[in-house]
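When you number the sequence shown by the working numbering, it's gap-free, plus one each residue, and the end is 1423.
One structure is given here, and the rest of the page talks about it.
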Amino acid sequence: MVPDVQRIIESINQGDQDTVQVLLDSYNIQYAECFFFNSEVQEKKKEQELEEFRKNKVREYASDSDSDFDSDDDEPDLLLREHLATALLCFISSQLQPAVLQVCLQTLRILSRDRRALGPMVTDSALITLAHLGGISLLQACPKQEERAEDQSPRTHSWIHTRAASGSEEAADGDATPLSVNSVVPPSCPVVACAANNNGFVHHCDKWTDDRHMTLAQKNIQEKNSGEEEMEDDGDVCRNEAIKVLCNVIYNSPRAQEAASTLRLLQDLWESLKQGIGSREPSSGRFYKLRLLFLLTALRPELRLQLQQERGVAVLTKALEQCLAVKWGEGYEVLSDSTAPFISKKISQEVIEILKTLFNIAHRLYRQDPDEEDAALYRSLAAVLRHCLLLSCDGEGTLEEIQGHTVNILSALPLTCLDVLLSVHVDKASHKWEGVNMDCVHTLLLFMDRRLNRASTLKLKEKLIPVLNLLTESSRVHRETRHFLRQRILPPLRDLTIRPEQDTTLRGHLVRLMTHVDTDVKHCAAELLFVLCKENVSRFVKYTGYGNAAGLLAARGLLNGRRNSCDSQHASQYSSDSDSDTEEYREAKARINLVTGRVEAEQPDPMEGMTEEEKEREARQLLSMINRLSQDQIIQPVAITLEGRLAPFWSQMRGCTLEEEEEEDEEESMDLMPEGRKDKQIE
C-alpha cells in the first residue's frame, strides 16, 4: 500500500508526534531501498519517446537520462515530496521525541536521494538545521540567502495549510494519480551535474583534474545497519542520520555545495573532527563526518585549498595513525605485528574516507620542493601509507580499495620523500633484495598485477596509471627497486617463439598496453618497461619488439638507437652492469625478427627464381605505387632523421622526373596486360 503523503503532512501540521512516527515508519519501510521515484513510469515514457523518435526521426528536445523534466503540474507526486521535505524541516526544528526525530531524519534521507526534490533542503536555514542536528555548529550564515529562504517559507506553509483544508477527496485523488518522473525542476531545486546510475543509486564518479586525477570514490553513501544502530544511543543515531542527509544534499546539489562554502561548513566540521581525533575515544559518527569532509573537498576547489592551509595533511595523518593504532619504531618505521587481528570493517571505512580526503588536498604535492618541516611530515605520511599497503583486512575487496587509495596518495607525494618505503629493517622481511626490505615493492607489484587482470576497459586509466607511475619513478631513483622489479617483470628470455604481447606474464600484459588506444595508458606502460631496461634502446627492443616499442622511441627521438641528450640526466642514475643473456637467447639471437620480437618460422623467398631485371622492375612498380598513394595523401612516407624522429621525405619520393614517372606507368600497364595482348602490342 502506497503511503498517504498528504496525510503525513497534515499530521505534521497538527503536531501529532505519535501519528507522524507511525506514518513515517510506514513511508520509510516502503521506500527504504528506493533511490529513484517512479522509475516504471519513467521507463514507459522513455519507450514512448523512443517510438515517436523512430517514427518521426526528429527529437524536439534533448532529454537527460533519468532526468526528463516537463513541468511540476505533470507530477503532483514530486510536489508532495517537496512539501513533505519542507514540513519535515520545520518539524525537526522543534522539540521532538528522539524516536520521532529519528524517523523524520530517515525520511529526509530518503527524499534527499531525489535530485529534483531538493529545493527545500538546499536553503541556508535547512543546511544550518541539519548541521546542528549532526553535531556541527555553524557560526555564520549568509543574510541574503536567509532572506530568500524566509520569503519562500510562508508560501510553502500556505500551500500546506491549503492542501490540509481541501478535504479527503483531493487526498484520495492524489493517491490515485499515476506516478510520473518527467517534470521540470522547480526554481528552488538546481539542476545537478552529477548523474545517478541506471538504478537510481546515488554514487560518486571518479574525476581527473589537471595532469593528475581527482578521486571521487564510486560508493553509495553508506548507511549503518539496524544492528549497529541499536548499539548506539538515540543522540548518536540522530546525528548520523542528519549527516547522511547533508551528504546526499551536498553531493546532489551544486547550490548546496556553494551554500556550504558560504556558511563555512567545512571550518566547523573540521573543528568537530579535530576534537574527536584528539580524544582517546573517537566519536561513533566520525565515519559520516569524514564522508562529508571528503565530499566538500572533492566538490569545492577552494575548500581543498582551505583544508590544506589548515594543516589538513598533518591532522589527517594523525587520524590515520589513530585508526590503525600505529606504533612507531626507529626513524620513519611503523612497527608491524603479524599476530594482530584483521582490521574491522568499521575501521576500514574510516581509513578509506581519510585516504580519499588526503588525496584531495595532497594531489599536487609532487610539484613542490618541500622544506625540512614539510619533508618530515610527508615522510611520516609515507611511512603510515606503507603500513596501509601491508594491512590485513576483513575482505579482499576492502583491502583492494585501501591499497588503491594508498597508491593514489603515494603517487602524489614528492619523490624525495618516498625513500622511507625502503628504509626499514630487513630482519623480518618476506622479500629482500641486495640487503633492502622489498615487502612494500612486492605488494605494489601484486597490486598492479591484480589491476591488470581485473581492470575493465572503461576504468583502465584510473586503475593503472597511479601504480604504473609510482613504480616507474621509484625504479628510476632506487637501484634496488629497479633490480627487484626487473627480475619479476623482465626475467631472462628463454621461450623466444612467443611474441612479447602474447605472453601471459606481467611482461606480456604491459607490452599489450603499449599499443593501447589510450595515449596515457600506453605511455605509462612503455615508460615503466623502458626504465626497467635502464632506458637502453636495444635492450628495450629485445624485450618488447620493435613494433611495440616504436611509439615510445618515436616520441622520445630514439628511433636511430642513440640516446637523446635530454635523457642524459636519467642515464647518469643507472649503473653500468650489462644484461645477462640466456643460452637459449644467444643461440636464437640471429634468427629473431626484431619487429615482432620472436623467432619466426622460415618463409620461402618471394624473389626466388627472378632475374635481376625482374627484381628491378618489381622495385620500380612498388616505388610507383607508394608515390601515387602519397600524392593522393592516403599515406605519408617518412624517414628517420639524425635526431631519431620521423619526418616526411617528399623530395625522396618525388625525386624522379616526369619522364621517369610516365615510363613507370607504361611499364606497369604492360605488366598488367594479358600475355596475348602484350605480344600484339609489342609487334
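Using N, Cα and C, we set each Cβ at its ideal position, and we do this for glycine too.
Give the straight-line distance between the Cα atoms of residue i and residue j, rounded to the nearest whole angstrom.
i            : j            : result
residue 1269 : residue 1159 : 21 Å
residue 684  : residue 1297 : No statement about residue 684 is possible, as the shown extent of the chain runs from 741 to 1423 and does not include it.
residue 898  : residue 753  : Model confidence at residue 898 stands at a pLDDT of 45, short of 50, so the residue's coordinates are unreliable and nothing is read from them.
residue 1338 : residue 1266 : 19 Å
residue 1264 : residue 1051 : 32 Å
residue 1181 : residue 1216 : 14 Å
residue 1002 : residue 868  : 12 Å
residue 1299 : residue 1333 : 17 Å
residue 1027 : residue 1294 : 49 Å
residue 1387 : residue 1212 : 30 Å
residue 1184 : residue 1103 : 19 Å
residue 747  : residue 1086 : 39 Å
residue 1078 : residue 1033 : 33 Å
residue 836  : residue 1098 : 38 Å
residue 874  : residue 1248 : 52 Å
residue 1115 : residue 1157 : 6 Å
residue 775  : residue 992  : 12 Å
residue 981  : residue 1024 : 12 Å
residue 1385 : residue 1288 : 16 Å
residue 1005 : residue 822  : 24 Å
residue 1243 : residue 1226 : 16 Å
residue 1107 : residue 759  : 60 Å
residue 1138 : residue 857  : 33 Å
residue 850  : residue 866  : 16 Å
residue 1381 : residue 1191 : 39 Å
residue 1259 : residue 1274 : 22 Å
residue 831  : residue 749  : 10 Å
residue 1254 : residue 1290 : 10 Å
residue 1009 : residue 876  : 6 Å
Starting from residue i, trace the beta strand (DSSP E) in both directions and tell me its first and last residue.
i           : result
residue 745 : Taken as a continuous stretch (DSSP letters only), residue 745 belongs to no beta strand (DSSP E), being part of the alpha helix (DSSP H) at 745–754.
So what does residue i bridge to, in DSSP terms?
i            : result
residue 1435 : Missing from the structure shown is residue 1435; the chain here goes from 741 to 1423 and no further.
residue 1455 : Only positions 741 to 1423 of the chain appear in this structure, which leaves residue 1455 out of reach.
residue 1133 : 1083
residue 1176 : 1173
residue 1068 : 1074
So residue i packs on residue j, CB below 8 Å; how close in whole Å?
i            : j            : result
residue 1038 : residue 1100 : 5 Å
residue 764  : residue 847  : 5 Å
residue 1147 : residue 1066 : Wrong, their Cβ atoms sit about 19 Å apart, outside the cutoff.
residue 1163 : residue 1071 : 7 Å
residue 838  : residue 974  : 4 Å
residue 1272 : residue 1229 : 6 Å
residue 824  : residue 762  : With a Cβ gap of about 15 Å, residue 824 and residue 762 do not count as contacting.
residue 1220 : residue 1174 : 5 Å
What are the start and end residues of the alpha helix (DSSP H) that includes residue i?
i            : result
residue 1365 : 1352–1371
residue 1220 : 1219–1229
residue 984  : 974–992
residue 1288 : 1286–1295
residue 727  : Lying outside 741 to 1423, the shown extent of the chain, residue 727 is not represented and no answer is given.
residue 865  : 864–873
residue 1038 : 1026–1039
residue 830  : 816–831
residue 1019 : Element bounds for residue 1019: n/a, residue is neither H nor E.
residue 1262 : 1259–1272
residue 759  : 757–770
residue 1248 : 1246–1253
residue 847  : 838–851
Validate contact between the region 1352–1371 and the region 1279–1289 using beta carbons, cut 8 Å, 3 pairs: no
Looking at C-beta atoms only, is the number of pairs between the region 1089–1097 and the region 1130–1149 that lie closer than 8 Å three or more? Contact between the region 1089–1097 and the region 1130–1149 is present, because at least three Cβ pairs lie under 8 Å.
Using a Cβ distance threshold of 8 Å, determine whether the region 765–774 contacts the region 788–796, with at least three qualifying pairs required. Short answer: they don't touch.
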